[in-house]
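In order, the protein sequences belong to chains E and G. According to this note's numbering, the first sequence is numbered sequentially starting from 51. According to this note's numbering, the second sequence is numbered sequentially starting from 840.
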Amino acid sequence: MSDVRDRMVARAAREIAPGMVVNLGIGLPTKVVNHLPADFPVCLHTENGLTGIGPTLPPEKADRNLIDAGGAYVSTIPGSAFFDSATSFAIVRSGRLDLTMLGAFEVSAAGDLANWRIPGKFSPGVGGGIELAQKARRVVVLTTHTDRAGNAKLKQECSLPLTARACVSRIFTDMAVIDITAVGFVLVEIAEGVSAADVVAATDAPLVVPDMPLPTF
Amino acid sequence: MKLPDKRRAIHDAIAEIKDGDTVMIGGFGVPGTPMTLIHALVDHGARNLTLIKNDANEPGMGIDHLLQSGQVARLITTHLGLNCNAIALMNSGKLAVEFNAQGILAERIRAGGAGIGAILSDIGIGTELADGKQVVEMQGKVYVVEPALRADVALIHADRADSFGNLAYVATARNFNPLMATAADCVIAEAERVLPLGQLRADDVHTPGVFVDHLTELGELSKEYAVVRR
Chain E
51 MSDVRDRMVA RAAREIAPGM VVNLGIGLPT KVVNHLPADF PVCLHTENGL TGIGPTLPPE
111 KADRNLIDAG GAYVSTIPGS AFFDSATSFA IVRSGRLDLT MLGAFEVSAA GDLANWRIPG
171 KFSPGVGGGI ELAQKARRVV VLTTHTDRAG NAKLKQECSL PLTARACVSR IFTDMAVIDI
231 TAVGFVLVEI AEGVSAADVV AATDAPLVVP DMPLPTF
Chain G
840 MKLPDKRRAI HDAIAEIKDG DTVMIGGFGV PGTPMTLIHA LVDHGARNLT LIKNDANEPG
900 MGIDHLLQSG QVARLITTHL GLNCNAIALM NSGKLAVEFN AQGILAERIR AGGAGIGAIL
960 SDIGIGTELA DGKQVVEMQG KVYVVEPALR ADVALIHADR ADSFGNLAYV ATARNFNPLM
1020 ATAADCVIAE AERVLPLGQL RADDVHTPGV FVDHLTELGE LSKEYAVVRR
C-alpha cells in the first residue's frame, strides 16, 4: 500500500472510539484493523455471523469454517460469538452497530452513497451493503479521492444506482478528510503535501474550505 | 419412547427433488455449504430449479456445479461477486437472478419458516431495490412488503447431528442453515458426524430435529470443504 493510502487508513482508524461495535466493509476498510492497538476495546462484527473478529490467518493456520463476509480466514478472540444470518442483521438494523466503514464508487454532497452497482459493468449484488449503509449509527467512507481514470468520486449528485440516501457522515480519502454537512462537503483535514486547492479541483461539487489552518495526516 | 431414526442413503433423500422445484441451500461461501448434497443433486439431474442461496460460491465449487450443469433457471441470492461463471450466466440471460439485501433474504426465509406471510421493512427505500415492491404505511412510517420465502426442499450442512436429526452448527458455517431448515416442506441435512441419541446435549441443539426429514452422515470430506487458497 502506498504511503499516503496507509496514512489515510491510519487516520480512519482514529475514528473508532473505545467500546464501539464496528463493521468494516470489504476492501480498504478491513485494513483499518491493522492500525488499532492489540488491546483496544472494540467489538468487530461481520455479516456472516461473528462478533469479536480476531486476526486474519494464513491458509495453513486457517479454520475452514471461520471466515469473514469477504471470505478472508479470520479467528476468534476471548468473548467472540457466532450467530445465524437473521441475528447478524438484527444487530445491524436494530441500531447496535455504532459505526461502519464502507468503500464507495460515488458519494454525493447530501451523503448519498453508491457502492454496489455499475450498470452494464459490475452487478454482483448488494450483499449486506444496503443494510449497513442505511442502519449503522454512523457511516463513514474510505476511498481514493478519484477513480483510476481520474474522475471525481465526490459529486453533487451520484450518477450510479444508490446504496442508500443521505447516509454518509464523513469521507476519508488519500487527499483529505471531508464531512457531509447541511451545506454539503466541508474540508476537515488534509493529507501532507496536498493543498486545499488540489482537493477543491479533485472534487466535483462545492467544497467548503474553512478559513483557518487545517490539521494534516 | 424413542425418537425415530431419520438416517437415509443420500441418493434416496435427494430423489425427492422434482423438476421445477424450489431448493434452499445453506452456506455463506464454503462454510455451511452442503457440498455433498449438491453433488448428489447434480447426479440426480432435476432441472428447471429455483435456487435460494446467499451466494453462488466460487467457480468449480458448491452451487456452481448446478449452474454449470444447466439445472438452474432462477437464483434468489444476495451476492455473486466471487463467481464469474454465475455473473456470465446472468449477463447472457441464461440465469434469472433476483437480488435481495442479505438480512432481508434471511428475514423472508425466517418468516416462511415461522408461518408468517410477509415482513415489512424500510431497507432499500429510495433505491432501485425497492422499485416495483408493494408499499404500506404503518404507524406513520413507509415500508416495503417483503413476501415470505418457502421452498420445496432445503439442503442443510451441519457439523453434528443425532439420529433424530437434531442439528448443531460450527463457527460461521451456521449462517442461513438454521433459517432454511425451518422453511421447506422437505429438509435434507448432511452432518459431519451423526451421534447416537443422547450424545448431542439438548441445550446444544441449534435446529430441533422435528424440522429435519432426512439425514445423511458424511464420510471423509471432499476437498471442496477445505480451506480455499486464493
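Positions of the beta carbon are idealized from the N, C-alpha and C atoms, including for glycine.
For residue i: DSSP bridge partner residues
{"i": "CYS93(E)", "result": "VAL71(E)"}
{"i": "CYS1025(G)", "result": "VAL992(G)"}
{"i": "TYR1064(G)", "result": "BP columns for TYR1064(G) are empty, so no partner."}
{"i": "ALA216(E)", "result": "None, per the DSSP bridge assignment."}
{"i": "ASP229(E)", "result": "ARG220(E), VAL236(E)"}
{"i": "ILE1073(G)", "result": "Given that chain G is displayed from residue 840 to residue 1069, the structure contains no residue 1073(G) and the question cannot be resolved."}
{"i": "ARG846(G)", "result": "LEU1054(G)"}
{"i": "TYR123(E)", "result": "ILE117(E)"}
{"i": "GLU985(G)", "result": "ILE958(G)"}
{"i": "ASP254(E)", "result": "LYS205(E)"}
{"i": "LYS980(G)", "result": "MET977(G)"}
{"i": "ALA164(E)", "result": "GLU156(E)"}
{"i": "PHE172(E)", "result": "ILE168(E)"}
Chain E within 8 Å of residue i, Cβ atoms only
{"i": "ILE926(G)", "result": "yes"}
{"i": "THR889(G)", "result": "no"}
{"i": "GLY942(G)", "result": "yes"}
{"i": "ILE864(G)", "result": "no"}
{"i": "LEU938(G)", "result": "Here residue 938(G) turns out to be Phe, not Leu, going by the sequence shown. Chain E, which has a Cβ nearer than 8 Å to the Cβ of PHE938(G), makes this yes."}
Helix, strand or coil at residue i [DSSP, three-state]
{"i": "ASP56(E)", "result": "helix"}
{"i": "LYS203(E)", "result": "coil"}
{"i": "ILE141(E)", "result": "helix"}
{"i": "LEU919(G)", "result": "coil"}
{"i": "ARG999(G)", "result": "strand"}
{"i": "SER960(G)", "result": "strand"}
{"i": "THR872(G)", "result": "coil"}
{"i": "SER273(E)", "result": "Given a span of 51 to 267 for chain E in the structure shown, any question on residue 273(E) remains unanswerable."}
{"i": "PRO128(E)", "result": "strand"}
{"i": "GLU1059(G)", "result": "coil"}
{"i": "MET900(G)", "result": "coil"}
{"i": "ALA1030(G)", "result": "strand"}
{"i": "THR150(E)", "result": "strand"}
Min CB distance residue i to chain G below 8 Å
{"i": "SER144(E)", "result": "no"}
{"i": "GLY177(E)", "result": "yes"}
{"i": "PRO79(E)", "result": "no"}
{"i": "GLU268(E)", "result": "Given a span of 51 to 267 for chain E in the structure shown, any question on residue 268(E) remains unanswerable."}
{"i": "GLU207(E)", "result": "no"}
{"i": "PRO128(E)", "result": "no"}
{"i": "ALA214(E)", "result": "yes"}
{"i": "ILE230(E)", "result": "no"}
{"i": "ILE117(E)", "result": "yes"}
{"i": "GLU181(E)", "result": "yes"}
{"i": "SER219(E)", "result": "no"}
Heavy atom of the ligand MG within 7 Å of residue i beta-carbon
{"i": "LEU934(G)", "result": "Judged by which ligands are present, the structure shown has none, so any question about the ligand MG falls away."}
Neighbour-count burial assignment, residue i, 16 or more Cβ in a 10 Å radius
{"i": "ALA1065(G)", "result": "exposed"}
{"i": "ASP224(E)", "result": "buried"}
{"i": "ALA88(E)", "result": "exposed"}
{"i": "GLY172(E)", "result": "Residue identity check: residue 172(E) is Phe in the sequence provided, not Gly. Exposed, by the Cβ-count rule."}
8 Å Cβ cutoff, residue i in contact with chain A
{"i": "THR150(E)", "result": "The question asks about chain A, but that chain is absent: this structure's protein chains are E and G."}
Cβ contact check for the segment 1011-1018 of chain G and the segment 127-137 of chain E: 3 or more pairs under 8 Å | yes
Assess, as a yes-or-no matter, whether the segment 845-855 of chain G is touched by the segment 246-254 of chain E under the definition of 3 or more beta carbon pairs within less than 8 Å.
-> no
Counting Cβ pairs, one atom from each stretch, are 3 or more of them under 8 Å apart for the segment 854-863 of chain G and the segment 963-981 of chain G?
-> no
Do the segment 858-873 of chain G and the segment 250-264 of chain E touch if we need at least three Cβ pairs shorter than 8 Å?
-> no
Please confirm if the segment 892-912 of chain G is in contact with the segment 922-940 of chain G, defined as three or more CB-CB distances below 8 Å between the two stretches.
-> yes
Determine contact between the segment 82-101 of chain E and the segment 198-205 of chain E, defined as no fewer than three beta-carbon pairs at a distance below 8 Å.
-> no
Looking at C-beta atoms only, is the number of pairs between the segment 169-185 of chain E and the segment 935-947 of chain G that lie closer than 8 Å three or more?
-> yes
On the three-pair Cβ rule with 8 Å, is the segment 112-124 of chain E touching the segment 999-1011 of chain G?
-> yes
May I ask you to verify whether the segment 909-917 of chain G touches the segment 884-898 of chain G, counting CB pairs closer than 8 Å and requiring at least 3?
-> yes
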